[in-house]
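Read through the structure below, which is laid out as structure tokens, and then see the notes.
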Amino acid sequence: MPLISNEKRRRGIYILPNLFTTAALFAGFYAIVQAMNLRFESAAVAIFVAMVLDGLDGRVARLTRTQSAFGAEYDSLSDMVSFGAAPALVVYEWALKDTGKFGWIAAFIYCAGAALRLARFNTNIDVIDKRFFQGLPSPAAAALVAGLVWVVTDLGLAGQDVRWLAGMLTIFAGVSMVSNVLFWSGKDINLRKSVPFIVVIALVMAFALVSSYPPGVLFGLFLVYAGSGYVVYAMRWMKKRRAGASAAVPAPQPAGNGEDEADSAQK
1 MPLISNEKRR
11 RGIYILPNLF
21 TTAALFAGFY
31 AIVQAMNLRF
41 ESAAVAIFVA
51 MVLDGLDGRV
61 ARLTRTQSAF
71 GAEYDSLSDM
81 VSFGAAPALV
91 VYEWALKDTG
101 KFGWIAAFIY
111 CAGAALRLAR
121 FNTNIDVIDK
131 RFFQGLPSPA
141 AAALVAGLVW
151 VVTDLGLAGQ
161 DVRWLAGMLT
171 IFAGVSMVSN
181 VLFWSGKDIN
191 LRKSVPFIVV
201 IALVMAFALV
211 SSYPPGVLFG
221 LFLVYAGSGY
231 VVYAMRWMKK
241 RRAGASAAVP
251 APQPAGNGED
261 EADSAQK
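Quick look at the structure:
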């Protein structure tokens with residue numbers, strides 16, 4: 001018996017979605033190369049480009065009905081390079097290299113968090129609610145780190161000026177990826193459904209806002225997204241705590257109930 005059946009040999013792989021995945025992988029590799037050449041702004045932009053391409057490959061596969069197990073595995077490996085190794089190496093070369101053990105530990109926490117996040121996502125893909133992500137998505141975490149690099153570099157500052165902020169933000173992004181905090185996925189948005197005209201105007205305004213100052217606006221958007229999960233988590237925790245406290249309080253007894261019971265006992 002052959003090791004690989006003829007049917008699987010003929011099946012091959014789909015070109016279109018894997019082409020986007022390869023482009024995202026190249027963008028992540030390009031970010032690492034640019035960081036090694038001390039061109040940190042180009043490295044940060046490349047990570048954002050990888051994020052856009054990563055969002056397209058899955059949608060293209062679903063629209064063209066070219067999903068495959070190979071594509072899913074290839075996408076995970078590409079994400080590990082573009083949103084795991086690349087941001088960790090970029091921020092380390094940019095700001096954390098001269099902070100000693102703290103620098104490489106922070107970068108490793110982020111890299112390990114991305115790997116664990118992707119592994120958990122692949123195993124829980126059929127279990128968790130599609131409307132939410134369990135933990136901060138790796139592209140959003142990468143955009144958070146790369147956004148800081150882009151903003152600070154655009155302001156003319158060096159990474160050494162904000163090295164402790166960069167380290168804490170890197171650790172925050174890494175820990176958030178493996179947390180149990182739920183983040184909105186946006187997968188419940190139906191692109192084929194008609195929307196009011198005001199939604200189109202809002203999208204135009206959003207594009208105009210981003211184009212006005214891309215580094216600051218993008219970094220601010222992903223910073224708000226990263227904090228939104230914790231805000232919702234805190235609100236749910238407080239709501240459960242109040243519900244538990246109200247359930248523990250005994251219901252008030254009618255006035256004179258004790259005297260009535262005593263009289264009935266004497267009778």
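Residues 1 to 267, numbered by UniProt numbering, are exactly what the sequence shown covers, in order. Even glycine gets a Cβ: it sits at the ideal position worked out from N, Cα and C.
> Comparing alpha-carbon positions, which option in Phe26, Val152, Ile171 and Ser246 lies nearest Ala107?
Replying inline: Translated into positions along the sequence shown, residue 107 becomes position 107. It is Ile171 whose Cα lies nearest to the Cα of Ala107.
Might you give, ordered along the chain, the residues of its own chain that have their beta carbon closer than 6 Å to the beta carbon of Ala24, omitting 5 neighbours on each side?
Taking the first residue of the sequence shown as 1, we reach residue 24 at position 24. Excluding sequence neighbours, Ala24 sits near Ala50, Leu53, Asp54, Ser78 and Ser82.
Which ranges does the alpha helix (DSSP H) cover as unbroken runs of at least 4 residues, wholly within the stretch 135-163, from first to last along the chain?
138-154
Going along the chain, which residues of its own chain have a beta-carbon closer than 7 Å to the beta-carbon of Tyr74, five neighbours each way excluded?
Residue numbering aside, residue 74 sits at position 74 when the sequence shown is read from its first letter. Same-chain partners within the cutoff: Asn18 and Thr21.
- Message: Using a Cβ-based criterion (distance less than 6 Å to any ligand heavy atom), does Ala107 qualify as near the ligand MN?
- Response: The model depicted lacks the ligand MN and carries no ligand whatsoever.
Query raised in the report: Using the rule of at least 16 other Cβ atoms within 10 Å of the residue's Cβ for burial, across every protein chain shown, is Gly229 buried or exposed?
Result: Within the sequence shown, the letter at position 229 stands for residue 229. Result: buried.
Next item on the list: Using 10 angstroms around the beta-carbon of Tyr213, count the other beta-carbons present and answer buried if the total reaches 16, otherwise exposed.
Entry: In the sequence shown, residue 213 corresponds to position 213, counting from 1. It is exposed - the Cβ of Tyr213 has fewer than 16 other Cβ atoms within 10 Å.
DSSP three-state label for Leu38, please.
As a first step, residue 38 is located in the sequence shown; it is residue number 38 there, counting from the start. Of the three classes helix, strand and coil, the one that applies to Leu38 here is coil, per DSSP.
Thinking C-alpha only, which one of Tyr110, Ile109 and Pro137 is nearest Gly120? As a first step, residue 120 must be located in the sequence shown, where it is residue number 120. The question names Gly, yet the displayed sequence has Arg at residue 120. When only C-alpha atoms are compared, the closest one is Pro137.
message: Taking 7 Å as the threshold (beta carbon to beta carbon), is Lys97 in contact with chain B?
response: The question asks about chain B, but that chain is absent: this structure has only one protein chain.
Check your understanding: Thinking C-beta only, is Ala115 closer than 7 Å to Gly71?
Key -> Here residue 71 corresponds to residue number 71 of the sequence shown, with the count starting at 1. Here residue 115 corresponds to residue number 115 of the sequence shown, with the count starting at 1. No; because the gap between Cβ atoms is not below 7 Å, this pair is not in contact.
**Prompt:** Would a C-beta distance cut-off of 7 Å place Ile105 and Gly174 closer than the cut-off?
**Reply:** The residue you call residue 105 lines up with position 105 of the sequence shown. The residue you call residue 174 lines up with position 174 of the sequence shown. The answer is no: Cβ separation not under 7 Å.
> So who's on the other strand from Phe132, going by DSSP bridges?
Replying inline: The sequence position of residue 132 within the sequence shown is 132, counting from 1. Paired residues: Trp184.
Any 3 or more C-beta pairs closer than 8 Å across the stretch 84-102 and the stretch 135-153
yes
Checking 7 Å against the spacing of the C-beta atoms, do residue 277 and Tyr225 come in under that value? Here the chain covers residues 1 to 267 and nothing more, so residue 277 does not appear.
Item to check | Beta-carbon separation (whole angstroms), Phe132 vs Trp164, contact threshold 8 Å | outcome: For the purposes of this step, residue 132 is taken as the residue at position 132 of the sequence shown. For the purposes of this step, residue 164 is taken as the residue at position 164 of the sequence shown. Contact doesn't hold; Cβ gap of about 32 Å is too wide.
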